[in-house]
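The opening position of the sequence shown corresponds to residue 1 in the UniProt record's numbering, with each subsequent residue numbered one higher.
C-beta atoms are modelled at their ideal positions from N, C-alpha and C, and glycine is treated no differently.
All figures in this text were calculated on a predicted structure; none of them were measured in a lab.
Please read the structure below before turning to the comments.
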Amino acid sequence: MARKHAKERGGGPTRAIEELTAAGVPFTVHEYEHDPAARAFGQETVEKLGIDPTRVFKTLMVRLAPSGEFVVGCVPALTHLSMKLIARAAGAKSAAMADPALAQRRTGYVVGGISPLGQTTSHRTFIDSSCLDHETVIVSGGRRGLSVELSPLDLADLAGAQVADLAALA
C-alpha cells in the first residue's frame with residue numbers, strides 16, 4: 001500500500017497522519033469534499049468514497065459507569081456501537097455516549113473527524129472484531145473528509161486497542 005501524506009486545510013499533516021508516518025506503517029489517504037450538511041459522517045465516507053461499508057469504521061467515545069472513564073470504540077460505519085458490548089469489553093457495568101463537545105475536547109478532533117490515532121488525550125480503545133475480516137480498514141484521518149486505510153492489525157497495535165465484539169445492527 002502506498003504511503004501518502006495529507007495536508008490539513010491551512011496546516012500540516014493531522015496528528016493521526018503524523019503518528020502513522022512516525023510508526024512507518026503502510027497506509028493510504030482517501031480524501032473527499034465533506035458536505036457541511038452531513039451528520040452521518042461514516043455513511044458520508046462510505047457514499048463519497050464508494051467503499052464497502054463493512055470496511056469503514058467510525059470512532060465514538062463513551063463514558064463507563066461507575067468509574068467515569070472515557071473510552072473509544074470503533075465500529076463499522078453503518079452499525080451502532082452497543083453500549084452493553086463495549087461496557088463488557090471494558091470491564092464496566094454500563095456505558096453511555098459521551099457528549100460530542102466533550103469528545104472533541106478529549107480527542108482534539110472535531111466530531112466527524114475523530115480518529116482513533118493521534119488523540120491529544122490517550123484513551124483505552126476497542127475495535128469491533130469484524131475488522132479482522134478485512135485486509136485493510138478505513139478510519140478517520142483526523143478531519144472531516146480525510147480517511148486513512150491501513151491493516152486492522154496495524155491500527156490495533158498503534159491505537160493500543162483491544163479487539164472485541166462491539167457492533168449492533170443499525
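Is DSSP giving residue 130 helix, strand or coil here?
-> In the sequence shown, the residue the question calls residue 130 occupies position 130. If DSSP states are grouped into helix, strand and coil, residue 130 belongs with the helices.
Please state whether DSSP places residue 93 in a helix, a strand or coil.
-> Position 93 of the sequence shown, counted from the first residue, corresponds to residue 93. Three-state result, residue 93: coil.
As assigned by DSSP and simplified to three states, the class of residue 46 | For this step, residue 46 is matched to residue 46 along the sequence shown. Note: residue 46 maps to helix in three-state DSSP.
Taking the alpha helix (DSSP H) that residue 18 falls in, what are its first and last residues?
-> In the sequence shown, the residue the question calls residue 18 occupies position 18. Unbroken alpha helix (DSSP H) run through residue 18: 15 to 23.
Exposure of residue 149, with buried meaning 16 or more beta-carbon neighbours within 10 Å = As a first step, residue 149 is located in the sequence shown; it is residue number 149 there, counting from the start. Classification of residue 149: buried, given that the 10 Å Cβ count is 16 or more.
Nearest-angstrom Cα distance between residue 137 and residue 46?
-> The sequence position of residue 137 within the sequence shown is 137, counting from 1. The sequence position of residue 46 within the sequence shown is 46, counting from 1. About 12 Å.
Check residue 152 in the structure and name its three-state DSSP category.
-> To locate residue 152, count along the sequence shown from 1; it is residue 152. Note: residue 152 maps to helix in three-state DSSP.
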